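Q:
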Amino acid sequence: MGGDIMLLVLKGYAKRNLLRAYQLHKISELLKVRGLPYKTYTYGKSAIAFEFGVEKEGWHRNIKRQKLSGEVQAIIDLELAIWELETGGNYSGGELGLRYEIQEFSKTLTPEKINEFKEMIKERLKELMVITEEKDRWEPLPRPEIVPFSEVFDNYFTPEYVAKILKIERERVIAWCREGKIKAIKVGKKWRILEEELQRFIQGLANYEKWCEEPLE
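Each step along the sequence shown adds one to the number in numbering that gives the first Met the number 0, with nothing skipped, and position 110 is 109.
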């Protein structure tokens with residue numbers, strides 16, 4: 000190992016805990032709780048960075064409001080991530096010194112050990128996002144549509160996003176919206192589902208699965 004940065008890019012849809020942490024600027028705290036690399040080093044580098052998809056963006060003077068699409072990419076520097084998990088990441092020097100230390104450390108890692116850490120990181124990130132694609136190269140998410148400031152809603156999800164989270168067909172979600180089985184509004188000709196309503200569905204499904212697993216008396 001050593002040389003080029005070894006990337007793992009996971010693309011998918013953010014779960015509520017990750018979206019909430021992003022809104023509250025507490026992603027590092029969330030990563031720490033999940034046993035993932037969370038530190039930011041003196042030159043601004045972190046082992047795990049998230050890129051959130053933005054559906055719409057509006058401006059009022061110098062104030063920006065965004066409507067998140069629900070898409071997210073986790074960009075993982077695998078060498079830095081493994082080094083931090085193994086050593087605790089206690090380093091306060093500059094970028095070149097840290098890179099040298101990581102390169103020396105990475106020489107001791109076998110392919111099997113690297114894959115073991117890679118799978119562990121993926122499994123723990125599944126608690127924060129629904130992973131739909133895995134790559135070794137980063138490509139930026141689509142740029143947002145620029146709209147008037149008043150048209151940006153930040154607490155509604157698209158039927159596509161809800162379908163991905165619930166693991167059902169998009170058409171079923173739209174049918175539920177039309178039938179009033181799920182609380183939604185229409186923005187133009189497009190349905191939007193309230194965030195709290197999605198969480199109600201997720202909790203309801205979890206309660207149902209738990210009930211099904213309980214032994215009969």
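Positions of the beta carbon are idealized from the N, C-alpha and C atoms, including for glycine. Computed from a prediction, not measured in an experiment: that's the story for all the values here.
1) Does the segment 29-37 come into contact with the segment 135-152, if we say contact requires no fewer than three beta-carbon pairs (one atom in each stretch) closer than 8 Å?
2) Within the same chain, show all residues whose beta-carbon is closer than 6 Å to that of Gly-187, passing over the 5 residues directly before and after it, in chain order.
3) Got a sec, what are the start and stop residues for the alpha helix (DSSP H) Tyr-21 sits in?
4) Cα-Cα, which of Leu-67, Ala-48, Phe-51 is closest to Gly-57?
5) Runs of 3 residues minimum, wholly inside the segment 32-86: which ones carry the beta strand (DSSP E) assignment?
6) Can you tell me which of Glu-138, Trp-82, Met-119 puts its alpha carbon nearest to the alpha carbon of Thr-107?
7) Have a look at Phe-51, Glu-94, Leu-7, Pro-141 and flag the residue whose alpha-carbon is nearest the alpha-carbon of Thr-41.
8) Check whether the Cβ of Thr-157 lies closer than 8 Å to any heavy atom of the ligand NAD, and answer yes or no.
9) Does Ser-45 pass the burial test, meaning 16 or more other C-beta atoms within 10 Å, or should it be called exposed?
10) Closest to Ile-75 by C-alpha separation, out of Phe-49, Ala-13, Glu-194, would be which residue?
11) Please work out which residues of its chain come closer than 7 Å, Cβ to Cβ, to Lys-163, disregarding the five sequence neighbours upstream and downstream, and give them in chain order.
12) Threshold first: 4 residues or longer. Then list the alpha helix (DSSP H) segments lying entirely within the segment 167-207, N to C.
A: Let's see:
1) no
2) Position 188 of the sequence shown, counted from the first residue, corresponds to residue 187. Around Gly-187: no qualifying Cβ.
3) Numbered from 1 along the sequence shown, position 22 holds the residue referred to as residue 21. Counting along the chain, the alpha helix (DSSP H) containing Tyr-21 begins and ends at 15-22.
4) Position 58 of the sequence shown, counting from 1, holds the residue named residue 57. Checking every option, the nearest Cα to that of Gly-57 belongs to Leu-67.
5) 47-59, 62-76
6) Translated into positions along the sequence shown, residue 107 becomes position 108. The shortest Cα separation from Thr-107 among Glu-138, Trp-82, Met-119 belongs to Trp-82.
7) To locate residue 41, count along the sequence shown from 1; it is residue 42. Nearest of Phe-51, Glu-94, Leu-7, Pro-141 to Thr-41, Cα basis: Glu-94.
8) As far as ligands go, the structure on display features none, and thus does not contain the ligand NAD.
9) As a working note, residue 45 is residue 46 in the sequence shown. With 16 or more other Cβ atoms within 10 Å, it is buried.
10) Here residue 75 refers to the residue found at position 76 when the sequence shown is read from its first residue. Taking only the C-alpha atoms, the option nearest Ile-75 is Phe-49.
11) Here the question's residue 163 lines up with position 164 in the sequence shown. Cβ within range, chain order: Tyr-12, Val-129.
12) 169-178
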